[in-house]
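Heads up: the structure comes next, in structure tokens.
There are 2 protein chains.
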Amino acid sequence: MNGATSAEAMRRLMEARSVAVVGASERPDASAGFVMRNLLAHGYAGAVHPVHPTARNVYGRKAVPRLAALDVVPDAVVAGVAAERVLDVIDEAGGLGIKAAVVLASGFAEIGEEGRARQAELARLARGHAMALCGPNCLGIYVPRTGLALYSSRISPMRRGAVAIVSHSGAGAIALGNTGRFGISHLVSVGNGAVTDMPDYLRYLAGLEDVRAIGLIIEQIRDPRSFADAMARVHATGKAVLALHVGRSVRGMVATAAHTGALATSSALISAYFRDTGIIEVHTMDELIETAVLLSGKVATACAGGGVAAIGVSGGGLAHMSDVAENVGIAMPPLTEETRGALRKLLPRYVTPGNPLDMTGIAFSEPGRYRKALEVVAQDPAISLIAAVQDVPKGLDEGGAEEYGGIAEAIAGFAVNADMPVVFLSNLSAGPHRRIRSILEAADVPMVFGTRAGLLAIKRCLTRPQPRSVEPPQPLDRQERWVERLKQGGPLGEREAKAFLRGHGMQIALERPAATRAEAIAAAIDIGFPVVMKIDSSDLTHKTEIGGVRLDIRDARAAGESFDIIMETVSRGAPRAVLRGVLVEQMIVDGTEALVGLARHEPFGLAVLVGVGGVLVEVIGETALSLPPIDIAGAKTLIGATKLDTLLGAYRGRAVGDRNALAEVVVQVSRIALCYGDLIEAVDLNPVKVLARGEGVRVLDALIVPRARRS
Amino acid sequence: MNGATSAEAMRRLMEARSVAVVGASERPDASAGFVMRNLLAHGYAGAVHPVHPTARNVYGRKAVPRLAALDVVPDAVVAGVAAERVLDVIDEAGGLGIKAAVVLASGFAEIGEEGRARQAELARLARGHAMALCGPNCLGIYVPRTGLALYSSRISPMRRGAVAIVSHSGAGAIALGNTGRFGISHLVSVGNGAVTDMPDYLRYLAGLEDVRAIGLIIEQIRDPRSFADAMARVHATGKAVLALHVGRSVRGMVATAAHTGALATSSALISAYFRDTGIIEVHTMDELIETAVLLSGKVATACAGGGVAAIGVSGGGLAHMSDVAENVGIAMPPLTEETRGALRKLLPRYVTPGNPLDMTGIAFSEPGRYRKALEVVAQDPAISLIAAVQDVPKGLDEGGAEEYGGIAEAIAGFAVNADMPVVFLSNLSAGPHRRIRSILEAADVPMVFGTRAGLLAIKRCLTRPQPRSVEPPQPLDRQERWVERLKQGGPLGEREAKAFLRGHGMQIALERPAATRAEAIAAAIDIGFPVVMKIDSSDLTHKTEIGGVRLDIRDARAAGESFDIIMETVSRGAPRAVLRGVLVEQMIVDGTEALVGLARHEPFGLAVLVGVGGVLVEVIGETALSLPPIDIAGAKTLIGATKLDTLLGAYRGRAVGDRNALAEVVVQVSRIALCYGDLIEAVDLNPVKVLARGEGVRVLDALIVPRARRS
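Top to bottom, those sequences are chains A and B.
Numbering-wise, the first sequence is residues 1 to 711 according to our numbering.
Numbering-wise, the second sequence is residues 1 to 711 according to our numbering.
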């Protein structure tokens with residue numbers, strides 16, 4: 001358990017007016033030495049109390065031999081000592097009434113068993129003393145406004161501003177803090193987050209007016225519920241949160257027993273979780289930087305949805321920008337006839353009024369017309385944001401850069417007065433020449449660099465996510481019989497799994513078990529040809545591959561033969577499996593095969609998966625997922641995010657599929673997750689046949705894997 | 001027709017030792033004024049002859065009133081006059097024996113009909129005089145080594161080096177020339193390329209030893225054959241060519257009559273063309289820059305295939321880099337046990353030896369060990385390139401940057417002596433702090449900036465493409481009967497198209513036409529149940545959607561009913577279509593549905609398409625394509641690039657598909673393209689049923705669209 005540090009303790013930590021630095025020294029490589037130097041260099045106005053066993057003073061500040069020797073209770077303590085001594089320091093500090101600490105040392109959960117025990121003890125102590133605690137294994141905290149620089153590596157002077165950085169990676173925090181592209185309000189290296197974790201910092205930052213955007217570098221989400229709760233608070237304040245999740249390629253998959261579940265990696269789940277909690281996900285440091293630039297600037301609040309118009313002086317540059325815009329999903333609508341008419345009046349005959357708008361050389365000779373063109377385009381009702389696309393490469397000499405001065409002035413002049421947001425976009429990620437940059441900066445024109453990262457930033461600015469709101473579904477009744485069965489362990493094969501589903505209100509295809517050849521023939525006659533026959537065994541999870549399924553059985557003779565072939569083939573292929581016989585089932589020819597399932601992804605618990613099912617699973621290899629609860633609207637969104645969207649539509653003369661009925665199955669499966677989540681590892685309904693609209697769905701095959709019992 | 005400028009004329013243009021500048025003046029906005037100033041500013045050592053009707057001299061050079069007044073024949077002439085006067089200047093120059101020209105003016109093909117006529121006349125004149133001609137509608141040529149700056153916008157001093165830029169976009173050329181990231185050998189703004197086009201410049205550059213990489217910004221490939229020929233020459237010299245194709249989102253599709261053909265955009269074709277001709281395709285300016293950095297440096301020749309090892313001091317930064325590496329398809333193999341053992345000896349216990357290798361803080365305190373770690377990893381047989389991942393953000397102050405100095409020195413020290421290529425990668429596209437950059441530059445360590453663009457550059461360096469080599473297929477005999485039919489126009493429906501294919505040696509499913517109910521029943525009995533019945537009409541290209549197809553007809557009664565239903569439904573749906581009756585066909589249940597086709601994409605001609613067929617076309621929506629000729633190996637590569645690869649494999653208990661037979665169909669279709677290409681607009685074989693290995697394929701449906709006749 002992490003998180004849930006009190007608001008008061010958070011304030012002590014983040015707004016500490018006095019700090020004790022244990023281990024403070026003038027040694028150049030001591031972590032507490034860095035803290036001392038940073039506090040002095042960044043003008044921290046609070047009291048600094050070095051604690052050192054022998055030194056009389058450290059960097060001119062009077063030192064005391066131990067915390068207890070202080071005649072005041074400082075707001076915060078920095079434990080700049082080795083891991084072995086940290087527990088004593090924290091316990092002593094807590095005993096003195098100190099409510100906030102920064103623990104810099106490594107040697108905790110990140111080093112294995114011994115460290116995990118030490119970290120657990122540290123958390124116990126801190127909680128006992130109701131302390132906020134940054135770390136362990138962190139670089140610490142830096143607040144530029146106050147100079148509170150409890151940071152164990154050297155901090156360069158940073159531009160101040162409205163972006164808070166909270167990062168599991170200390171080096172990542174430094175990298176983002178020193179880009180110079182946006183101003184920093186807070187810099188937090190969270191470290192192991194043993195006590196105070198990202199949700200605590202988010203809740204704290206939610207309350208600060210001067211923070212407009214929060215950038216996260218996340219290695220691990222330790223407590224999804226707490227995180228989502230904190231995100232809801234941040235969202236209520238209108239601040240934007242953007243996150244780069246790192247280490248996704250090394251994460252393992254969890255639900256390996258259910259064969260289709262393995263297709264959904266936890267990386268996809270984290271993306272789904274970000275989307276559902278309203279976090280803006282970015283995929284590179286560059287995207288994080290460009291998006292932070294826009295979301296911390298004045299553009300952030302001005303633009304909401306709608307299209308982008310581009311203007312520039314290079315046909316090639318605009319064409320390239322348009323290509324990438326299409327690729328990342330930015331709409332560049334055509335200008336209205338009215339706008340084009342106004343541009344025609346404004347511009348010479350050889351300039352074609354359109355979107356993108358290539359102003360040609362006239363922009364250099366008559367920059368006033370460039371500004372007027374911006375004003376005309378700003379009136380277009382389809383346009384929500386104008387991108388001024390211009391490369392003014394850094395390598396130009398002063399004279400070369402000066403040629404673009406008129407264009408920059410035109411953009412700046414427009415931006416100062418306009419309601420319409422304008423963003424300067426450089427196709428070169430190195431950004432434009434200093435001369436141009438300073439003109440635009442003076443007018444507070446937001447600038448993004450690099451076509452791809454820049455356009456992704458614009459897209460995120462236009463489509464700010466909101467936390468998902470869900471109509472809570474009716475809870476299922478937990479049935480004792482099934483609780484027992486799930487606790488007992490071992491997978492529920494098709495027959496049992498279908499009974500479970502039927503017992504919870506799902507439409508299952510008509511089927512009958514048959515232990516002998518004669519029973520199989522009789523069952524087939526009863527159900528009516530054509531039928532499907534499948535091996536009935538709890539020991540086999542992949543029936544098709546082992547020859548345990550035969551389709552399209554059309555008469556009694558074929559039914560008898562099929563029984564014999566299945567039993568023989570499977571006995572040979574899986575000699576140890578206990579075979580109960582076969583299941584005889586109605587053959588459903590029409591319809592679309594879908595997959596609906598549950599897969600466990602700790603620490604999120606069970607996630608709901610939806611995708612194309614049947615034999616196409618491996619070919620299409622794509623599922624959408626989300627965490628329960630899911631309502632009908634959410635289920636339809638999930639379905640719409642997969643190729644099922646095409647398959648269920650009216651295409652190639654096929655009937656439109658019963659999307660509502662499939663959405664009901666998704667909701668039902670999410671209810672199963674909520675009701676039996678503690679007992680289930682994975683659920684796999686595949687295929688679920690989706691019939692024509694109004695005719696419902698049939699679950700043709702199912703597998704439920706109980707959760708392994710903890711020893 | 002463009003291209004095919006003689007080598008001698010190309011030398012006169014690109015190595016001109018004397019230049020006449022027509023229209024030269026000291027007016028600041030005159031295009032020839034820019035040329036004059038550039039020539040003077042960049043130290044051009046050749047003779048410059050301003051041509052001006054009245055001026056006695058221009059920028060201190062003696063002027064003459066017209067070209068004929070010169071007492072020498074200069075190597076090249078710059079036509080710095082308006083479009084209307086260009087033809088006279090070029091004709092006069094040609095008459096005087098001048099063999100090279102730069103035409104700056106716009107007002108040619110880019111402005112419509114009138115301009116196209118002018119451009120055709122310009123090309124005729126230039127060819128008549130055997131001239132090389134850059135432009136029209138271009139910025140011109142700049143060769144830093146000689147100061148030959150025939151460029152109509154201001155050129156800043158540029159770093160000299162081994163990268164040639166040839167661009168349809170003048171602004172793009174300037175942007176790439178002035179990044180400062182790599183040195184420039186030549187800068188060419190091609191303009192309309194009316195006479196001398198990219199292939200000519202490529203052929204010229206192929207012969208120059210000091211050019212190592214050529215960067216192209218391409219708006220249009222005007223002559224694919226000439227381009228491919230030029231690329232073959234460049235490849236023979238070991239130079240790399242990289243290309244950014246811009247304007248792909250606005251290109252239209254050509255073959256609209258064949259419904260599946262429309263899925264392959266010409267943008268995909270250009271990518272296929274790049275791949276087949278050995279051009280390295282990039283998708284952003286940033287990727288072009290980073291790739292050019294590597295391919296013009298010493299790394300380019302050192303690394304060939306194999307894995308990448310990463311080293312750094314930030315776990316988060318390395319994790320992020322590894323994520324993106326996986327995403328772009330870079331292999332980061334585990335280190336061998338031997339390498340890990342050696343690292344264990346070298347490093348403290350808390351450093352885990354692996355790939356990526358997080359050196360932790362020890363890199364700062366003991367940079368010597370960082371260098372030794374590089375040396376150890378360099379011995380690993382699975383590793384072909386080491387990426388040193390380090391963000392040293394630009395915003396750090398001198399002291400902050402200085403802390404990374406030891407690491408930079410370690411990398412530099414390693415790089416100078418090592419055979420193993422090492423690339424410095426910054427996750428920030430702004431690149432590292434100047435202090436670090438200068439250490440690495442001094443040691444000639446290649447640096448790439450931005451995780452995504454940087455890793456894509458590394459990937460392209462490891463997997464340099466080669467032009468495709470093709471075993472030329474046996475030509476088909478052109479049959480007079482079919483030539484006549486194709487010339488006649490109007491689509492060849494299923495029946496005719498199948499006859500065509502059969503006549504050219506393809507396996508077609510057994511089928512019989514039937515004009516009446518009785519004929520249909522008789523045909524079905526003859527063929528043997530189950531059968532398929534399809535409408536037989538040349539007027540319908542989408543039979544399924546209109547209710548013209550019925551599957552799985554199992555007896556005579558059903559055959560009669562099906563005939564009636566098809567005829568009635570289709571008559572109602574398409575009252576004007578001429579219906580010949582139905583085709584009765586053997587029903588082939590098993591097998592995988594593929595699509596093989598031809599689609600016209602000018603100026604490339606017919607491209608061959610391969611992909612998943614049948615009802616999945618819209619769902620999977622993916623085809624691979626290539627230009628004929630295609631041999632069996634090439635056909636298998638195409639098949640392997642689509643989801644057919646999975647569908648034809650042993651998956652979910654299905655038989656392995658007959659890949660060879662499908663590849664034969666692809667080759668056969670490419671032979672049809674070569675034989676009848678002038679007469680065909682599109683071919684669509686869909687579905688082609690691929691049976692189990694050894695059982696071949698059956699073309700179940702086909703459509704051939706003749707090429708519309710030119711009026």
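Just so you know, even glycine gets a beta-carbon here, dropped at the ideal spot from N, CA and C.
To the nearest angstrom, how far is the alpha carbon of G450(B) from that of E585(A)?
About 57 Å.
Check the C-beta distance from V376(B) over to L346(B) and give it rounded, since I have them as a contact under 8 Å.
Their Cβ separation, rounded to whole angstroms, is 6 Å, which keeps V376(B) and L346(B) in contact under 8 Å.
So which of V73(A), G413(A), S106(A), I270(A) has the shortest CA-CA distance to I221(A)?
Nearest in C-alpha terms to I221(A), of all of V73(A), G413(A), S106(A), I270(A), is I270(A).
Same chain, Cβ closer than 8 Å to I630(A), neighbours up to 5 away in sequence not counted
Taken in chain order, the residues that qualify are V470, P473, V608, L638, V666, V667, S670.
Residue ranges of each beta strand (DSSP E) within the region 262 to 311 of chain B, 3 or longer:
Runs found: 280 to 282.
Please confirm if D286(A) has its CB atom under 8 Å from at least one CB of chain B.
Interface with chain B (8 Å Cβ-Cβ cutoff): D286(A) is included.
Report, in whole angstroms, the separation of the C-beta atoms of F604(A) and L583(A), which I expect to be a contact under 8 Å.
About 34 Å separates the beta carbon of F604(A) from that of L583(A), a gap too long to meet the 8 Å contact definition.
From the beta carbon of E281(A), is the nearest beta carbon of chain B less than 8 Å away?
No, because no Cβ of chain B sits closer than 8 Å to the Cβ of E281(A).
With distance defined between alpha-carbon atoms, name the residue in G490(B), A82(B), V78(B), P74(B) nearest to F96(B).
Note that residue 96(B) corresponds to Leu in the displayed sequence, not to Phe. Nearest of G490(B), A82(B), V78(B), P74(B) to L96(B), Cα basis: P74(B).
Outcome for H542(A) when other beta-carbon atoms lying within 10 angstroms are tallied against a minimum of 16
So H542(A) ends up on the exposed side.
Using the rule of at least 16 other Cβ atoms within 10 Å of the residue's Cβ for burial, across every protein chain shown, is Q488(B) buried or exposed?
It counts as exposed.
Please determine, among V81(B), H49(B), T5(B), the residue with the shortest C-alpha to C-alpha distance to H129(B).
Comparing Cα positions, the closest option is T5(B).
Based on the DSSP output, what are the partners of R550(B) in its beta bridges?
Beta-bridge pairing links R550(B) to M533(B).
Can you tell me which residues form a DSSP beta bridge with G597(B)?
Note: G597(B) sits in a beta bridge opposite L609(B), D684(B).
Taking CB distances under 8 Å as the criterion, tell me whether D391(B) reaches chain A.
D391(B) counts as touching chain A.
Can you give me, in chain order, the residues of the region 350 to 367 of chain A that have a beta carbon less than 8 Å from any beta carbon in chain B?
Against chain B - using a Cβ distance shorter than 8 Å - the residues of the region 350 to 367 of chain A are Y350, S365.
Length at least 3, wholly inside the region 6 to 81 of chain A: the beta strand (DSSP E) runs in chain order:
Fully enclosed beta strand (DSSP E) runs of 3 or longer: 18 to 22, 47 to 51, 76 to 79.
Can you find a C-beta in chain A that's less than 8 Å from the C-beta of D713(B)?
Residue 713(B) is absent from the model: chain B starts at 1 and stops at 711.
For V402(A), the first and last residue of its enclosing alpha helix (DSSP H):
Sequence check: residue 402(A) is Glu here, not Val. Counting along the chain, the alpha helix (DSSP H) containing E402(A) begins and ends at 398 to 402.
How many Å lie between R344(B) and I439(B) at the Cα?
Approximately 29 Å, taken between the alpha carbons.
Could you work out which residue in V656(A), D88(A), K99(A), G135(A) is closest to E110(A) when comparing CA atoms only?
Of V656(A), D88(A), K99(A), G135(A), the residue nearest in Cα terms is G135(A).
At what residues does the beta strand (DSSP E) containing H186(A) begin and finish?
Its beta strand (DSSP E) spans residues 184 to 189.
Three Cβ pairs or more, each shorter than 8 Å: is that satisfied between the region 133 to 149 of chain B and the region 172 to 191 of chain B?
Enough Cβ pairs lie closer than 8 Å, so yes.
Can you check whether the C-beta of I217(B) is within less than 8 Å of a C-beta belonging to chain A?
At least one CB atom of chain A sits nearer than 8 Å to the CB of I217(B).
Does the region 594 to 602 of chain A come close enough to the region 674 to 682 of chain A that 3 or more CB-CB pairs lie under 8 Å?
At 8 Å Cβ cutoff, the stretches touch.
Beta carbon of V532(B), beta carbon of L551(B): below 8 Å?
In contact: V532(B) and L551(B) (Cβ atoms closer than 8 Å).
Please classify L616(A) as buried or exposed, where buried requires at least 16 neighbouring CB atoms within 10 angstroms.
The residue in question, L616(A), is buried, as its Cβ has 16 or more Cβ neighbours within 10 Å.
Going by the DSSP bridge assignment, what does F449(B) pair with across the sheet?
According to DSSP, which records beta bridges pairwise, F449(B) is partnered with S426(B).
Would you grab the beta carbon distance between V293(B) and P446(B) for me? Rounded to a whole angstrom, and I think it's under 8 Å.
Taking 8 Å as the upper bound for CB-CB distance, V293(B) and P446(B) are in contact here, some 6 Å apart.
Please list, in chain order, all residues of the same chain as A520(B) whose beta carbon is under 8 Å from its beta carbon, the five residues on each side excluded.
For A520(B), where only same-chain residues beyond five positions count, the Cβ hits under 8 Å are A514, M533, A559, G560, S562, F563, G581, V582, V584.
Measuring straight from C-alpha to C-alpha, what distance separates I217(A) and L205(A)?
So the alpha carbons of these two residues sit roughly 16 Å apart.
Can you find a C-beta in chain A that's less than 8 Å from the C-beta of P157(B)?
Closer than 8 Å to some Cβ of chain A, the Cβ of P157(B) qualifies, so yes.
Suppose you measure from the CA of A164(B) to the CA of A175(B); what does that come to, to the nearest Å?
Near 13 Å, if we compare the C-alpha coordinates of A175(B) and A164(B).
Report the three-state DSSP secondary structure of V324(B) (helix, strand or coil).
V324(B) falls in the helix class under three-state DSSP.
At least one CB of chain B closer than 8 Å to the CB of E441(A): is that the case?
False, the Cβ-Cβ gap to chain B never drops below 8 Å.
Cβ neighbours of D391(B) in the same chain (closer than 8 Å, five flanking residues each side left out):
Closer than 8 Å at Cβ, skipping near neighbours: S314, G317, S426, N427, L428, P432.
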